[in-house]
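J.:
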Amino acid sequence: MQKIRICLCIIMLVAIHFLNVQGLAKFAAYLVPYLVIGYDVLLEALEGIREREIFDENFLMSIATIGALILGLCYDGDYLEAVAVMLFYKIGELFEDYAEDKTRKNITSLMDIRPDYANLEHEGTITKINPAEVESGSIIVIKPGEKIPIDGVIIEGNSSLNTSALTGESLPRSVDSGDEVISGCINLERVLRVRTTCEFKDSTVSKILELVENASERKSHTERFITRFAKVYTPAVCISAVALAVIPTLIYGWPSFGTWLYRALTFLVISCPCALVISIPLTFFAGIGSASKSGILIKGSNFIELLSRASCVVFDKTGTLTRGVFEVSAVHPKIIEPEELLHLTAHVERFSSHPVALSLRRAYPNESDDCVIQDYEELAGMGVRANVNNQVICSGSSRFMDSLGVEWQPCEKSGSIIHTAIDNKYAGHIVISDMIKRESKLAVQELKGLGIQRVIMLTGDSEASAKEVAASLGIQEFYGELLPADKVNKVDEFMKDSKGSLIFAGDGINDAPVLARADVGIAMGALGSDAAVEAADVVLMDDDPIKISRAIKISRNCMRIARQNIYFSIGIKLLCLVLGAMGLADMWLAVFADVGVMVLAVLNAIRVLFM
C-alpha cells in the first residue's frame, strides 16, 4: 500500500508539471498528491494533539509542510517543496519498513517453531488437538515432516530431527527410543511415539517464544537516552522555530515575515529527530535478530550494551566447558568389594538429578534388587545421605566427609571423586570423569582474541580435576570445590575488580543464582535446566561456548553502528540547523537533513544483520 501511494504521488506530480496550471487550480492540484501521500501523517499529528503528546516527527512534518503550502498560496505559488518533503519522508519510512521486515524475518523465523497441533494417542486412537490441551504424561505421535509440539521422551521409534530453527545448526540430530526430545524440532524420517514430560505452556517452544516476544521491552541505556533526548529536543526546536519566525519579524518589520517564516519551517523539517528515534532502536533490533539467526537468544537490547563492554568471562565447568557426560572410570574400595561400593553409592544417588548421579546409575543400572531406601536427603554442593537396608550411607565430596568427621583417602586420578561412608566409616571412593567439549578450547582462544582480560573457570569439583581441565583449555585462573553460594561470592569479587561488565556462563540449576547475579548471565539452553534459562539474560540454544564470542562480536558491532548513527545524525542536524537559521538552506536541503540522513542511518543499522 505504501509503495502504491508513493508511485501514485510521483505520477500526479509529473502530470501537474506538464499541465502547467496556475492560481488556485495549481494549489488544488498539488493538494491532492499531498493528501494522498501524507494523510496518515496528518492524522497521527492530530491524534498526538488529542492525546496531549504533541511534539513528535508527525507534528513537525505536518506543521512544516502545511506552512510551506500556505507560503506558496500567499507568496510565490511554489507548492512542490511541501509535497516533496512529505513524499521523501514517506520514502524514508519505506526504507525503515524494509529494514524492520528484514530484521523481523530473522526473529520471526523462530515463530515457525510454534506447533499448530499435536497428535494425541488414546486407547489406540489418534486425535489431532491443540497442543495446549495435551496433559503431561500423555502419549503423542509425531509423523515425518511434523513439528514436535511438546517436550518429552521417545518411547517408540528412531529418527533424525531438524533443529535449525532452535540452534541455527543445519546438521540433523539422530534420536532413538529413550532419548529426550524438545518441542520446536522437526521430525525428518520415521514415526515417533513420545511421552510428554510437561504441558505446552512449560515446553521449550513456549519459553523461547516468550523470550523473543519480550526481548524488545528491555531497552538499552542508549535507547532510553535517545527517548529522553527526543522529549526535550523536539519542544526546544519548536520553540526555536517560533522564535526564528517572530523575533526577526519584530526587528525588521512585517514585510520580512514571509522570509523568516520560510526559514522557521525549513528549520522545523531539518530538526525532525527521525534518524535518531528510528535508527537507534532499529540497530538494537537488528542485533537481536542477527543473534537469533545464530541460535543466540538475547532477552533485551540492554544486554547487547552490557555484552559489548565485557571484560571478564566466568565459566561454570560441568555442562558448559565439558559435555556433562560422566563415566565411572575407577572404583577404589577400602572395607568392601568394588561391586558393593558401586552398588551402595548408585542406590543412594538414585533420586539425584546431578550428572554424577546419572553416571553412577548407568554404571549400576539394577534398581530392582532387594535394597530398601529410606530417609533420602540431598545436601546442595555436598552430597546425599540415605538409609539403605538399615545402614546410613553418605556419598559426596571430601568436604562432606570432613563435616561427618570421616577420614577419607585422596585419589591420584583426575576427575570427580565421590567418597562414600557407611555408618560414618570410610568405605572408599569412585572416580567419575567428564568429557571436555571439542569447541571449548577454541571458545577460550576466541575470547582472548577479542581482548577479554580475564577468562575464569569455577566448579564444585576437586582442585585437581579443575586444574586438569583448565590446563587443557588454556585457562590460567580457576577455582574448585565451590558450593553454589561460593560461586556467587566469587562472582561478586570479580565484579568489584572488573573494569567492564562480567559474563557468567552456566547450565545447571545450581548456576541460577550466579546467572542472576552477573552483569550478563548466559545459559546453555538446549541442555540447561529451566531455572538456569529463566535466570539468564542470554540463552545459547545449542550449548556451544563459541557462541559467547559470537554474541560479543554482534553486540560490539551493534554498539559501534549505534554510535556512528548518533554522531552522524546529530552532526548533520546541527550543521543544517545553523544553515537554515541563517537562510543558507532551503527546503530541499531540509529534506536531505531529515529524510536523507534517516535513510542513511537506517541502511547503516541493517548492516548488523550481515556481520
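The sequence shown begins at 2 in the working numbering and counts up by one.
Backbone N, C-alpha and C fix where the C-beta goes; we use that ideal spot for every residue, glycine too.
Since Phe316 is in the alpha helix (DSSP H), which residue starts that stretch and which ends it?
T.: No alpha helix (DSSP H) contains Phe316, which is instead part of the beta strand (DSSP E) from Ala311 to Asp317.
J.: How many angstroms separate the CA atom of Trp261 from the CA atom of Tyr253?
T.: 10 Å
J.: What are the start and end residues of each continuous alpha helix (DSSP H) run of 4 or more residues lying completely inside the segment 453-518, in chain order?
T.: 464-474, 485-498 and 513-518
J.: Given this structure, state the Cα-to-Cα distance separating Leu528 from Asn303, to the nearest angstrom.
T.: Note on Leu528: pLDDT 49, under 50, position unreliable in the model; the coordinate value appears next. Near 25 Å, if we compare the C-alpha coordinates of Asn303 and Leu528.
J.: How should Thr66 be labelled, buried or exposed, when 16 other C-beta atoms within 10 angstroms of its C-beta is the threshold for buried?
T.: Looking at its Cβ environment, which holds 16 or more other Cβ atoms inside 10 Å, Thr66 is buried.
J.: List the whole-angstrom C-beta distance separating Ser330 from Val432, where the pair is believed to meet the contact cut-off of C-beta under 8 Å.
T.: 5 Å
J.: Could you give the distance in angstroms between the alpha-carbon of Ile1 and the alpha-carbon of Ile305?
T.: Examination of residue 1 is not possible in this model, given that the chain is present from 2 through 612 alone.
J.: Are the CB atoms of Thr421 and Ser396 nearer to each other than 8 Å?
T.: yes
J.: Below 8 Å on the Cβ atoms is my contact criterion, and I expect Val37 with Leu14 to pass it. Report the Cβ-Cβ distance as a whole number of Å.
T.: Not really, about 10 Å apart at Cβ, beyond 8 Å.
J.: So Ile271 and Gly581 are supposed to be a Cβ contact under 8 Å. How far apart are they, rounded?
T.: 5 Å
J.: Is the segment 547-567 touching the segment 284-299, taking contact as three or more C-beta pairs under 8 Å?
T.: By the Cβ rule, the segment 547-567 counts as touching the segment 284-299, because three or more pairs are nearer than 8 Å.
J.: Based on Cα-Cα distance, which residue from Ala311, Thr323 and Ala465 lies nearest to Asp498?
T.: Ala311
J.: List the endpoints of the continuous alpha helix (DSSP H) containing Gln3.
T.: Gln3 -> alpha helix (DSSP H) spans Gln3 to Leu20.
J.: Just curious, the beta strand (DSSP E) that Asp435 is in, first and last residue?
T.: For Asp435, the enclosing beta strand (DSSP E) has its first and last residue at Lys426 to Ile437.
J.: Distance, Cα to Cα, Gln410 vs Gly507?
T.: 30 Å
J.: Determine the extent of the beta strand (DSSP E) in which Thr267 is found, giving its start and end residues.
T.: No beta strand (DSSP E) contains Thr267, which is instead part of the alpha helix (DSSP H) from Phe258 to Ser272.
J.: Tell me the rounded alpha-carbon separation between Leu74 and Val33.
T.: 15 Å
J.: Between the alpha carbons of Asp152 and Ile240, how many angstroms are there, rounded?
T.: 59 Å
J.: Going by the beta-carbon positions, is the gap between Leu361 and Gly429 smaller than 8 Å?
T.: no
J.: Apply the 10 Å Cβ neighbour rule to Ile5 and answer buried if 16 or more other Cβ atoms are within range, or exposed otherwise.
T.: exposed
J.: Please report the straight-line C-alpha distance between Asn21 and Tyr35, rounded to a whole angstrom.
T.: Distance between the alpha carbons of Asn21 and Tyr35: 17 Å.
J.: If you count every other CB in all the chains shown that lies within 10 Å of the CB of Ile208, and 16 or more means buried, which is it?
T.: Before going on, a small fix: residue 208 reads as Lys here, not Ile. It counts as buried.
J.: Counting only the same chain and skipping the five closest in sequence on each side, list residues whose C-beta sits under 8 Å from that of Pro145.
T.: Hits under 8 Å: Ser160, Asn188, Leu189, Glu190, Arg191 and Val192.
J.: Do you know how far the Cα of Ala536 is from the Cα of Ala465?
T.: Those two C-alpha atoms are separated by around 30 Å.
J.: What does the alpha-carbon distance come out to for the pair Ser175 and Gly461?
T.: 32 Å
J.: Rank Lys91, Glu45, Ile71 and Glu48 by C-alpha distance to the C-alpha of Ile7 and give the top, closest one.
T.: Comparing Cα-Cα distances from Ile7 to each of Lys91, Glu45, Ile71 and Glu48, the minimum goes to Lys91.
J.: With contact counted as at least three CB pairs below 8 Å, one residue from each stretch, are the segment 481-498 and the segment 513-526 in contact?
T.: yes
J.: May I ask which residues mark the beginning and end of the beta strand (DSSP E) holding Ala387?
T.: Gly384 to Val389
J.: Please return the same chain residues whose Cβ sits closer than 6 Å to the Cβ of Ala242, not counting the five positions on each side in sequence.
T.: Ala265, Phe268 and Leu269
J.: Given this structure, state the Cα-to-Cα distance separating Thr126 from Gly185, to the nearest angstrom.
T.: 24 Å
J.: Which residue spans inside the segment 344-380 form an unbroken alpha helix (DSSP H) run of at least 4?
T.: 356-364
J.: Check whether chain C comes within 8 Å of Ile151, counting only Cβ atoms and requiring the distance to be less than that.
T.: The structure shown contains no chain C, having only a single protein chain.
J.: Helix, strand or coil for Pro282, going by three-state DSSP, please let me know.
T.: helix
J.: Relative to the alpha-carbon of Val393, which residue among Lys414, Asn425, Ser415 and Phe611 has its alpha-carbon at the smallest distance?
T.: When only C-alpha atoms are compared, the closest one is Asn425.
J.: How is Thr235 classed by DSSP in three states: helix, strand or coil?
T.: helix
J.: Can you tell me whether DSSP reads Pro116 as helix, strand or coil?
T.: coil
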